[in-house]
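Numbering (our numbering), first residue to last: 386 to 628.
Have a look at the structure below before the remarks.
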Amino acid sequence: MFSARKIKELPLWAKLLRTLSVLIICFFGIFLLTTQPLKTCYPPTERQVYPLKLRGHVESLSEQFSPRNFKSIWNLDKCAYYISDHFRQTGAEVSEQTYEVNGQAYRNVIATYCAGTGARIVVGAHYDSCQDTPGADDNASGIAGLIELAYLLGQTELTQHVELVAYTLEEPPYFRTGDMGSARHAYSLRQKNVEIDAMICLEMIGYFSDEKGSQQFPSAILKLFYPDKGNFISVIGSIGDRK
């Protein structure tokens with residue numbers, strides 16, 4: 386014979402307290418995950434990037450080299466030469482990763498700083514555009530950032546191998562295929578067993594608004610932690626990328 390003991394039901398105040406505790410823990414966990422308050426914040430460097438130079442790159446790519454889709458080989462090549470010329474002016478070691486798709490040659494442009502055998506940091510942006518669009522924001526703005534980052538790195542004493550890569554064929558019909566420039570580059574690094582500390586992709590960093598309420602988020606809870614003006618650059622990654 387088993388005797389069942391009557392379980393005393395928790396009073397209402399205890400249930401509310403327990404629920405409130407769970408909500409506070411969840412809220413605090415999301416706060417730590419999204420804002421990362423314990424991460425070190427470094428002051429801005431003395432070297433600055435001039436807005437007019439960024440604008441000049443965007444205008445060149447979106448006006449002189451447009452369109453930049455997979456069919457516009459001439460414009461893609463001119464864009465690649467434009468980027469490689471700026472990379473060389475920074476003192477970088479510049480190379481091209483050329484590959485063939487459907488009988489046509491395409492190229493990634495690579496700038497290397499502080500070349501070595503250790504783990505490296507890769508920063509990339511794509512220079513092709515979708516269909517016949519000028520691609521000023523997507524992604525001439527990312528390339529403008531990449532080029533000006535190159536000039537900053539050229540004036541900096543680095544202790545780690547850094548690789549800047551301008552990718553091709555990131556837009557349809559090659560988006561999410563093995564023929565994307567980034568996929569080809571990643572595959573080549575894996576084939577060489579290259580250790581990567583971090584990869585940062587500069588994507589559409591040129592569009593912004595100072596208007597209140599202009600920034601939207603996929604989850605309403607993010608509104609509690611981030612600005613409602615779309616005038617900032619967001620760093621996005623998976624939980625495993627926090628380091």
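The C-beta atom is built at its ideal place from N, Cα and C for all residues, glycine as well.
Which residue from the options puts its Cα closest to that of residue i?
i, options, result
"residue 544", "503, 488, 461 and 412", "503"
"residue 460", "471, 485, 626 and 447", "447"
"residue 542", "499, 431, 443 and 618", "499"
"residue 551", "571, 557 and 540", "571"
"residue 505", "568, 579 and 564", "579"
"residue 619", "625, 593 and 605", "593"
Considering only residues of the same chain and omitting the five flanking positions on each side of residue i, which have a CB-CB separation below 8 Å?
i, result
"residue 612", "600"
Within 10 Å of its beta-carbon, does residue i have 16 or more other beta-carbons around it, so buried, or fewer, so exposed?
i, result
"residue 526", "buried"
"residue 528", "buried"
Below 9 Å between beta carbons: does that hold for residue i and residue j?
i, j, result
"residue 532", "residue 468", "yes"
"residue 566", "residue 511", "yes"
"residue 524", "residue 588", "yes"
"residue 513", "residue 556", "yes"
"residue 486", "residue 564", "yes"
"residue 520", "residue 451", "yes"
"residue 434", "residue 537", "yes"
"residue 617", "residue 608", "no"
Give me, in chain order, the residues of the same chain whose beta-carbon lies closer than 7 Å to that of residue i; leave out the 5 immediate sequence neighbours on both sides.
i, result
"residue 597", "613 and 614"
"residue 535", "471, 472, 475, 477, 496 and 549"
Once the 5 residues before and after residue i are set aside, which same chain residues still bring their CB inside 6 Å of it?
i, result
"residue 436", "none"
"residue 490", "483"
"residue 442", "529 and 532"
Whole runs of the beta strand (DSSP E) within the segment 507 to 565, excluding any shorter than 3 residues: As summarised for the segment 507 to 565, the continuous beta strand (DSSP E) elements at least 3 residues long and confined to that stretch are 546 to 552, given in chain order.
Pick out the complete alpha helix (DSSP H) segments inside the segment 558 to 602, 4 residues or longer, and give them in chain order. Assignment of alpha helix (DSSP H) within the segment 558 to 602, counting only whole runs of 4 or more residues, yields 566 to 576 in chain order.
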